[in-house]
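A.B. asks: For the working numbering, count along the sequence shown from 1 and bump the result up by 27. Yeah, the Cβ is synthetic: ideal placement off N, Cα and C, and Gly gets one too.
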Amino acid sequence: MKKGFSKTWRSLLSWPKPRGGPRYSACHFCDTLHVSAPVEEGTAANCVRCGAVLYQNRPASLARASAFSLAALFLMVLVHVFPFLTMDAATLRKNLTLVGASTALFHEDAPILGSAILLFTVVTPLVLAGGMLYVCAPLMLGRYAPGAGQVAKWMYRCEPWNMVEVFLLGVLVSLLKLAKVADVHFGIGFWAFGGVMICMAAAVAGIDREELWDRLEVAKS
Ligand SMILES: [Zn+2]
28 MKKGFSKTWR SLLSWPKPRG GPRYSACHFC DTLHVSAPVE EGTAANCVRC
78 GAVLYQNRPA SLARASAFSL AALFLMVLVH VFPFLTMDAA TLRKNLTLVG
128 ASTALFHEDA PILGSAILLF TVVTPLVLAG GMLYVCAPLM LGRYAPGAGQ
178 VAKWMYRCEP WNMVEVFLLG VLVSLLKLAK VADVHFGIGF WAFGGVMICM
228 AAAVAGIDRE ELWDRLEVAK S
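(1) From the DSSP secondary-structure annotation, give me the bridge partner or partners of Arg184.
(2) Under 6 Å from any heavy atom of ligand 1, does the C-beta of Ala79 make it?
(3) So is the beta-carbon of Arg76 under 6 Å away from any non-hydrogen atom of ligand 1?
(4) Can you tell me whether Gln177 is buried or exposed? The criterion is at least 16 other CB atoms within 10 Å of its CB, across all chains shown.
(5) Along the chain, where does the beta strand (DSSP E) containing Arg46 start, and where does it finish?
(6) With Ala94 as the anchor, note down where its beta strand (DSSP E) starts and where it stops.
(7) If you reduce the DSSP assignment to three classes, tell me which class Ser248 lands in.
(8) Using the beta-carbon count (16 or more within 10 Å), is Phe220 buried or exposed?
(9) Per DSSP, what kind of secondary structure is Val75 in: helix, strand or coil?
(10) Please report the distance separating the alpha-carbon of Lys207 from that of Glu237.
(11) Counting beta carbon pairs with one atom in the segment 53-66 and one in the segment 197-206, are three or more of them shorter than 8 Å?
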């Protein structure tokens, strides 16, 4: 009984290949076309011409992607609940949140910059982490969530626009100037934002794009 359960669980965890074929995979660097063959967990398929990685079978991919997405969503709550930065200048103390910084730019006649911060550091990471969890968590049970294919498409469209790292670097650079006129302290929101950056990167790297599409196709059929 235990052995049977283990076998079923293992088959759900391993990367299934959809029926039919052959399937092809093109190298992103030299466009060489390869027959997409299954690879063992923890290994990668490389281009025969230039050696670039075509796709990787990452260990515990669904569990990793789901866990890091959930952690990123939890940290996002902390980012918006707690202050991002606290500034002390003379007798004034100002707590700054991420959304507060964005709305402040609207009031300072910089609506495009305010919208960009809101879109690239709040909306896009939310779509990416929420989408990843919505698609990957049911797949661990071999189930296809309603509209998972469309969600995955939007998730990967949003991926290049996730600019959490760029924003964090921008904040650190601007702090060098701000430190001359005010005492600046990092709030819990800042550290949580750093955590979001790490968890988002780990969630996206947790599962290969080709594996996710194969799993979706198998679960849907
Ligand atoms: Zn190549």
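C.D. replies: The relevant details are as follows:
(1) On the sequence shown, residue 184 is found 157 positions in, with the first residue counted as 1. DSSP, once it has assigned bridges, lists no residue as partnering Arg184.
(2) Here residue 79 refers to the residue found at position 52 of the sequence shown. Yes.
(3) Here residue 76 refers to the residue found at position 49 of the sequence shown. Yes.
(4) Looking up residue 177 in the sequence shown gives position 150. Exposed.
(5) As a position in the sequence shown, residue 46 is number 19, starting the count at 1. Element bounds for Arg46: n/a, residue is neither H nor E.
(6) Residue mapping note: residue 94 aligns to position 67 of the sequence shown, counting from 1. Counting along the chain, Ala94 falls outside any beta strand (DSSP E), though it belongs to the alpha helix (DSSP H) covering 88-108.
(7) As a first step, residue 248 must be located in the sequence shown, where it is residue number 221. Here Ser248 sits in coil by DSSP.
(8) In the sequence shown, the residue the question calls residue 220 occupies position 193. Flag for Phe220 reads buried.
(9) The sequence position of residue 75 within the sequence shown is 48, counting from 1. Three-state DSSP puts Val75 in coil, outside helix and strand.
(10) Position 180 of the sequence shown, counted from the first residue, corresponds to residue 207. Position 210 of the sequence shown, counted from the first residue, corresponds to residue 237. So the two alpha carbons sit approximately 49 Å from each other.
(11) no
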